[in-house]
Structure formats: C-alpha cells, structure tokens
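Structure record follows, encoded as structure tokens.
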Amino acid sequence: NDTSWLLVAAGFVGAIVIASAYGWSIERVAYRPVRNSKRLIALISAIGMSIFLQNYVSLTQGSRDVALPSLFNGQWV
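Under our numbering, think of the first position of the sequence shown as 1, with each following residue one higher.
Structure follows, in structure tokens:
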C-alpha cells in the first residue's frame, strides 16, 4: 500500500497554491498600481520588486551556498 505518490501530488498542489498566492500579491502590490503609467515607472517597480524578493529569500533561507547530493554518483549517463 504505497501512498508516496499521494504525498508528491499534495506537494505539487501545495506548491502551486503558494506560488499563485505570491504571484497574485506581487501583481496587486507592484504592478497593478502602475499599470497605466509610463513604461519607465513600471520598469522601476519591477526592479524594486526583484530586489525585494531577492532580499526576502536571503533573509528567510540564508545567504550561504548549499551543496546538493549528486544524482548519478559521479558517472556519466
């Protein structure tokens, strides 16, 4: 009775919901207010949001590098 596929499916659904919420909130905060403005203002807003998101991830996840294990044990496939 292997139900690991159910956990993977739930993880995908959860990731989609969270990513959608982030996208919706970013659109409401950074892009909708400047929708009918000049293009330069929209560009500045996008750059500002990019800098904010980079710093947010750095503060919440840490700024150190993390090594991931090798998928193929050092062998070429």
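For each residue, glycine too, the CB sits at the ideal point set by N, CA and C. For clarity, every value in this text was computed on a predicted model and none was experimentally measured.
State yes or no: is the C-beta of residue i within less than 8 Å of the C-beta of residue j?
i, j, result
"V34", "I26", "no"
"A21", "M49", "no"
Between the alpha carbons of residue i and residue j, how many angstroms are there, rounded?
i, j, result
"A19", "V13", "10 Å"
"T60", "S37", "32 Å"
"T3", "G11", "13 Å"
"R32", "S45", "10 Å"
"N55", "P69", "26 Å"
"R64", "S58", "9 Å"
"R39", "N73", "49 Å"
"L6", "I16", "15 Å"
Going along the chain, which unbroken runs of the alpha helix (DSSP H) with 4 or more residues stay wholly within the stretch 5-71?
-> 39-61
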